[in-house]
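For the record, the sequence lines run as chains A and B. Just so we're on the same page, the working numbering is the position in the first sequence counted from 1, plus 20. Just so we're on the same page, the working numbering is the position in the second sequence counted from 1, plus 20.
Number of protein chains: 2
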Amino acid sequence: MAELVFDANDCAACPIRHRAVCARCEPDELERLEEIKYYRHFESGQHIVWGGDQMDFVASVVSGIATLSQAMEDGRTQMVGLLLPSDFLGRPGRKEAAYDVTAVSDVTLCCFRRKPFEQLIETTPHVAQRLLEMTLDELDAAREWMLILGRKTAREKIASLMAIIARREAALRMSKAANGARFELPLTREAMADYLGLTIETVSRQISALKRDNVIALEGKRKVLVPDFNRLLAETGDDADGGLLI
Amino acid sequence: MAELVFDANDCAACPIRHRAVCARCEPDELERLEEIKYYRHFESGQHIVWGGDQMDFVASVVSGIATLSQAMEDGRTQMVGLLLPSDFLGRPGRKEAAYDVTAVSDVTLCCFRRKPFEQLIETTPHVAQRLLEMTLDELDAAREWMLILGRKTAREKIASLMAIIARREAALRMSKAANGARFELPLTREAMADYLGLTIETVSRQISALKRDNVIALEGKRKVLVPDFNRLLAETGDDADGGLLI
DNA sequence: GGTCACTTTTGATGCAGGTCAAGGAGCGGG
DNA sequence: CCCGCTCCTTGACCTGCATCAAAAGTGACC
């Protein structure tokens, strides 16, 4: 939990510099961004914004994990977005948050005041281009997710989630796990249930079943070990070579 | 079925001119677009592209309805996008189609050759800006859809779909239906089932149930009459004032 | 008008996953 | 060390939707 310290004036040292919305910025564009940026920290479990709230900033996730979710009045909740480091939060042109945003771990945001950011998007191409690219990636992820929600069995859903997290983890650290994989499960059972459209009981049961069948093994409660990644992929129901786009 | 005729050189007369990806174009930008555009027609039921196919164009839907869908090897299918007139098809920067695209009615596309379109996006701001806006709208729609898929009951799913189509219909013709609504149901039972993550039997049963409960009435097989739109909204499970963003 | 192909509706039955309930397991604080 | 809290697991039971099956439209074509 050692608080990371960022030099508020040095984007060059930023850990997400090459993947975030500012990835393509020229030095002068970066300067303009630095003028309107500020960091905010949230503790695990804290709400970052509520759906419907006024939102006077947009932001990049610098570290930690946050979720976007939608709730119905009776309490049913569906996660609709999972924000990892470098992901973008907020929508230019929109004043109110459309979803609840919650910190799942301790989170650091690099916030940009909304108005100036919107102007910046209209006047400089590189931020807008990168944002389009990221939005298209998110849309692809959302569509993959829709297949999971609409057509997969509980077991396939759990396997798919594990595969997605393992892939992202690998992408972040640029390591191509030879065959097996080991990763931290950053979500509670409840968050997994909200992600997958299941109940926590079903999540728990299916994880136990995958463990029983030696598809996965748990170290502690949060570390997952996958002895044979292809075996896991087979359990997702997707075709062998795996078409997940994110 | 009277074939619409477009003047291939006159974007000004185009029925989707003000809503499509070209909506914000200046005359000179429009000229550049006209150089790389061509129309294609597809008949109802025809496949426009298959997921994985090479795709050397992107396009706007001029008329008709098309679906994006994903299939698993065993045949389970999930619709992940519904393209109405003015919606955009394809992704700049991607050579292969990510999804199956199927014409649900007779469809006319305004196609742009991919390479020149990509260049155009990098050099002129208005197309890219509009595309970002449209993509963000699609992402919102996808997230609404995820709540439907993950957490709603079959009855709520059907009611939600009816409400979405009624809203879009109203938006297209700019008519604010006073209280009730009447609209054409452009989808087969199978397409509805693929949209909602249900079977056609369940779709049929729930429509019968809504009919029995006087939430909707059918005229013929494809025209839906909603005597009290708020009653329908109540059946969707969303909060009263309705947060659907599209 | 009759036939064939296809879509839709309806009924009967089964099961995956939800619901309700009761313990464990891990952990910070007194 | 025990208490109280939160998170997770497991069991027993139930229900909403899928599945299987068949009948009833619907409409194109001869």
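Cβ atoms here follow ideal geometry from the backbone N, Cα and C, with glycine treated the same way.
In the three-state DSSP reduction, B/Tyr215 falls in the helix class (H, G or I).
For the set A/Ala190, A/Phe132 and A/Gly101, the Cα lying nearest the Cα of B/Glu164 is the one of A/Gly101.
The secondary-structure analysis by DSSP pairs B/Tyr119 with nothing; it has no beta-bridge partner.
Every unbroken stretch of the beta strand (DSSP E) spanning 3 or more residues and falling wholly within the stretch 140-212 of chain B is given here in chain order: 201-204. A/Ser224 sits in a helix when the DSSP states are folded into three classes. Check the Cα spacing between A/Glu116 and each of A/Thr222, A/Lys231 and A/Val78: the tightest is with A/Val78.
A Cβ of chain B is located within less than 8 angstroms of the beta carbon of A/Arg96. By the neighbour-count criterion, in which a residue is buried when 16 or more other Cβ atoms sit within 10 angstroms of its Cβ, A/Gly113 is exposed. Residue environment analysis places B/Glu51 among the exposed positions, since fewer than 16 neighbouring C-beta atoms fall within 10 angstroms of its C-beta.
About 21 angstroms separates the CB atoms of B/Gly84 and B/Ala118; that is not less than 8 angstroms, and the two are not in contact.
With respect to the 8 angstroms criterion, A/Gln74 and A/Asp214 are not classified as neighbours on the basis of their beta carbons. Interface annotation, B/Met92: in contact with chain A, CB-CB separation under 8 angstroms.
Neighbourhood of B/Trp165 in chain A, by CB distance below 7 angstroms: Met166, in chain order. About 15 angstroms separates the Cβ atoms of A/Met212 and B/Met166, ruling out a contact at the 8 angstroms cut-off.
Assignment of A/Cys131 by DSSP, reduced to helix, strand and coil, places it in the strand class. Of all residues in the stretch 204-230 of chain A, those with a C-beta nearer than 9 angstroms to a C-beta of chain B are Asp214, Tyr215, Leu216, Gly217 and Leu218, reading in chain order.
Scanning chain A for C-beta atoms nearer than 7 angstroms to the C-beta of B/Leu156 yields Arg111 and Thr155, reported in chain order.
Residue burial is scored here from C-beta neighbours: B/Asp160 has at least 16 other C-beta atoms within 10 angstroms and is therefore classed as buried.
No Cβ-Cβ contact shorter than 8 angstroms links A/Ala186 with A/Ala162. Taking 8 angstroms as the upper bound for CB-CB distance, A/Val81 and A/Leu109 are in contact here, some 7 angstroms apart. Counting along the chain, the unbroken alpha helix (DSSP H) around B/Ala254 starts and ends at Phe249 to Thr256. DSSP, read as helix, strand or coil, puts A/Glu55 in helix. Counting along the chain, the unbroken beta strand (DSSP E) around B/Gly101 starts and ends at Thr97 to Leu103. Between A/Glu204 and A/Lys243, the gap from beta carbon to beta carbon is short of 8 angstroms. Taking C-alpha positions only, B/Ala43 is separated from B/Ala33 by approximately 13 angstroms. 8 angstroms or more divides the Cβ of A/Ile56 from the Cβ of A/Arg111. Interface annotation, B/Arg171: in contact with chain A, CB-CB separation under 8 angstroms. By the beta-carbon neighbour count (other beta carbons within 10 angstroms, threshold 16), B/Arg175 is buried. Under a criterion of Cβ atoms nearer than 9 angstroms, no residue of chain B is adjacent to A/Asp107; the nearest Cβ is some 13 angstroms distant. In terms of beta-carbon proximity, A/Leu252 stays away from the interface with chain B, with every pair separated by 8 angstroms or more.
Taking CB atoms only, B/Ala118 has a neighbour in chain A less than 8 angstroms away.
The C-beta distance from A/Val69 to A/Leu151 rounds to 19 angstroms, too long to meet the 8 angstroms contact threshold. Assignment of beta-bridge partners to A/Gln74 by DSSP yields A/Glu116. The shortest CA-to-CA distance from A/Ala191 to any of A/Ala91, A/Glu221, A/Cys31 and A/Pro105 is the one to A/Pro105.
Straight across, the Cα-Cα distance linking A/Asp120 with A/Gly95 is about 13 angstroms. The Cβ-Cβ distance between B/Leu245 and B/Ala179 does not fall below 8 angstroms.
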